[in-house]
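Going down the list, the sequences are from chains A and B.
Residue 76 in the numbering used here sits at position 85 of the first sequence; the count goes up by one each step and never skips.
Residue 160 in the numbering used here sits at position 169 of the second sequence; the count goes up by one each step and never skips.
Input: a single structure, listed below in C-alpha cells.
Number of protein chains: 2
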Amino acid sequence: MKNLEHLKKHINNIVSLNEEEWDVLKNGIQEISCAKGDLILSEGEECDFVGIIKTGLFRFYTTKKGNEKVTEFWFPMDYFSDYRSFLTNTPSNFNIEAMRPGTIWKLKRTYMYKLYEESVNFNKLGRIVSEQLFLKKALRLDGFLKNSPKERYLQLLIKDPNILQTVPQYMIASYLGITPETLSRIRKRV
Amino acid sequence: MKNLEHLKKHINNIVSLNEEEWDVLKNGIQEISCAKGDLILSEGEECDFVGIIKTGLFRFYTTKKGNEKVTEFWFPMDYFSDYRSFLTNTPSNFNIEAMRPGTIWKLKRTYMYKLYEESVNFNKLGRIVSEQLFLKKALRLDGFLKNSPKERYLQLLIKDPNILQTVPQYMIASYLGITPETLSRIRKRV
DNA sequence: TAAAATAATTGACTTTCGTCAATAAATACT
DNA sequence: AGTATTTATTGACGAAAGTCAATTATTTTA
C-alpha cells in the first residue's frame, strides 16, 4: 500500500499541483522496498527513472580496476537517479545500492516525458529537479577544483555531518577521492 | 543592432516557440560586446543572468591564494552563467572573463522568471538548459573522481580538442586541476 | 625586426598521497 | 560471551605531483 502523503507535501513545496495533476503524477509513481545490498541500478543498464528516497541510505558508485569510487550518498527526501544516463538514453557507468533496508519512490522516464506534455507545472517540477541536481554537482566539483583532500574533509564535517555519522569511513574516503589510509591520517592530524 | 536569427534557430532546436513567444523572449535578451580581458562577472557579485556565447572565448575561474583555478571554458553557442549564484541568489565566487573580443547574449533572472510564468515552453526551455548544465558538471566531476591527471588530459585530447588548440597551456593545467609544470611533463611522456 | 613580455620546459628538491603489510579496533554472528 | 569478519589505524616505502628557480621558446608590441 502506497502512502504518498509525505511525498505530496514535498512536491507541493516545489510546485503547487492541483488535485487532478497530483492524481496523474501519483499514478506514475512506484513505491519500492529495498533490502540491504539491493542494486537499484547496475553498470551497463540504462537508468530510466528519477526517484526520491523515502527511507534508508543509498549510494551511487562506479568501479575502476576492481575498487569502488563513491560519487554520492542519498538520504531520505533526496532525489536520486543516474541523471546523465537518464537524460542521454545511454547505459550507466554506475551502481545504485541500498546500504540498508529502505523504500524509494520511482518515476519512469516515459511517464515523466508524458507529464511534460501535460501541463506547465510538470515542466516546472522537472526544471527544479534539474536545478537541484545541478547545484549538488556544481558544489562538489568546486570542492575538487579548489580544495585539498584535507580541506574537502573539513568541508564535509561542516556541511554534511550526517554522512560522517552514518557511512563507513572507507566509503567517505572514496567520496573524498582519497584512500582510507590517507583519510585516517588526515583525521589524526586535525 | 541585434541580429538574433542565429540564436532563434538555436532556441527552436530546443523548443519550438511561436512567433509571439519568440518576441517576448527576444525583448529580454541583451546583446553585449566584450573586449579582451573584460569581466562579465566578478567574485562577490551576484550572477543575475544566464547567457549564450555568440562569438569569442570566455573562461570561468575562481582565485585561491592569489592564483587562478579555471573551472570552465565557453565557446560560441555554449550556455554560460554562474548558475549556482543565479539559482541561489547569493554572491558568486567566480569570475567570467572574455579571453578575446566577443559578443554574448544575456537574459536577466527577473525576466527569465517572468517567462516561466508565461508559458509551458519557457519552462521547458529552462528545464533543458538546466539539464545541459547538469550534464557538463556531471561529466567533469566523474573525470575527477575516476581519472588521474594524465587520464584527464588524454580525455581532453579526445573530447575537447578545441580547448587544447585555443587555450594557453597553463590554463588547461588549471582546468585539469594540476600545475603547468606537471602538465608539461605529462605531455612529454605521452 | 628587435626588444620586451609572456608562456613553456627542465632540473633539483620537497611534500603529499598511494601501496602493501601488519596490527588494532569495532561490528556481526551463533 | 566468544569467535569470525569487517573496518580502521599505523609503519615503511615508493610514486606522483607540487614548488622554486633557471632556461628556453613563443608571442606581443614598439
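Built from N, CA and C at the ideal position, the CB exists for glycine as well.
3-residue-minimum beta strand (DSSP E) runs that sit fully inside the stretch 17 to 46 of chain A, ordered along the chain: 20 to 25, 30 to 32, 40 to 46
Residues near M27/A in its chain [Cβ-Cβ closer than 8 Å; skip 5 each side]: The amino acid occupying residue 27/A in the given sequence is Lys; Met does not appear at that position. Cβ neighbours of K27/A beyond the five flanking positions: A89, M90, R91, P92.
Every unbroken beta strand (DSSP E) within the stretch 42 to 87 of chain A, with a cutoff of 3 residues, ordered by chain: 49 to 55, 58 to 65
Simplified DSSP assignment, three categories, for Y94/B: Residue identity check: residue 94/B is Thr in the sequence provided, not Tyr. Strand at T94/B.
Three-pair Cβ contact test at 8 Å for the stretch 156 to 170 of chain A versus the stretch 111 to 123 of chain B: no
Given R176/B as reference, the closest of K150/B, E122/B, G134/B, Y144/B once Cα atoms are compared: Y144/B
Cutoff 7 Å: A129/A Cβ touching any chain B Cβ: yes
CA nearest to the CA of M103/B, picked from V15/B, K141/B, V6/B, L(-2)/B: V15/B
Proximity of S72/A and C38/A at Cβ, strictly below 7 Å: yes
Residues that N114/A contacts on chain B, provided the C-beta gap is smaller than 7 Å: V111, N114, K115, R118
Strand pairing of A89/B, partner residues [DSSP]: F49/B
Within the stretch 100 to 156 of chain B, ranges of the alpha helix (DSSP H) (whole runs, at least 4 residues): 100 to 109, 111 to 137, 140 to 150
N160/A to L174/A span [Cα, whole Å]: The displayed chain sequence assigns Gln, not Asn, to residue 160/A. Q160/A and L174/A: Cα-Cα distance of roughly 8 Å.
Short CB-CB distance (under 7 Å) between F135/A and chain B: yes
Beta carbon proximity, G28/B to chain A, threshold 7 Å: no
For G42/A and L130/A, the rounded distance between their alpha carbons: 21 Å
E122/A vs S121/B beta-carbon contact at 7 Å: yes
7 Å Cβ cutoff met for T46/B and T94/B: yes
Interface residues of chain A facing E122/B [CB-CB closer than 7 Å]: L78, S121
Proximity to K179/A [Cα-Cα], best of F125/A, K141/A, G117/A: K141/A
Contact list for the stretch 57 to 77 of chain A against chain B, Cβ threshold 8 Å: K60, T62, Y74, R75
First through last residue of the alpha helix (DSSP H) which encompasses L8/B: Per DSSP, L8/B belongs to no alpha helix (DSSP H) and is neither H nor E.
Beta-carbon neighbours of F125/B, restricted to chain A and to distances below 7 Å: Y74, S121, L124, F125, K128
Any chain A beta carbon closer than 7 Å to K55/B: yes
Buried or exposed by the 16-neighbour rule on C-beta atoms within 10 Å, applied to I149/A: exposed
Whole-angstrom C-beta distance between L78/B and R75/A, which should lie under 8 Å: The Cβ separation is near 19 Å, so there is no contact.
Proximity below 7 Å, CB of L(-5)/B to CB of K17/B: yes
Rounded C-alpha distance that separates Y70/A from H1/A: 11 Å
Status (buried if at least 16 other CB within 10 Å, exposed otherwise) for G57/A: exposed
Residue nearest to L106/A in terms of C-alpha spacing, selected from L136/A, T81/A, G117/A: G117/A
Burial state of S83/B, where buried means 16 or more other Cβ atoms lie within 10 Å: buried
Residues within the stretch 82 to 108 of chain B neighbouring chain A, beta-carbon criterion of under 8 Å: N84, Y107
Residues, ordered as in the chain, of the stretch 167 to 181 of chain B that lie near chain A by beta-carbon distance below 9 Å: G168
CB-CB length for L136/B against K60/A, believed under 8 Å: 5 Å
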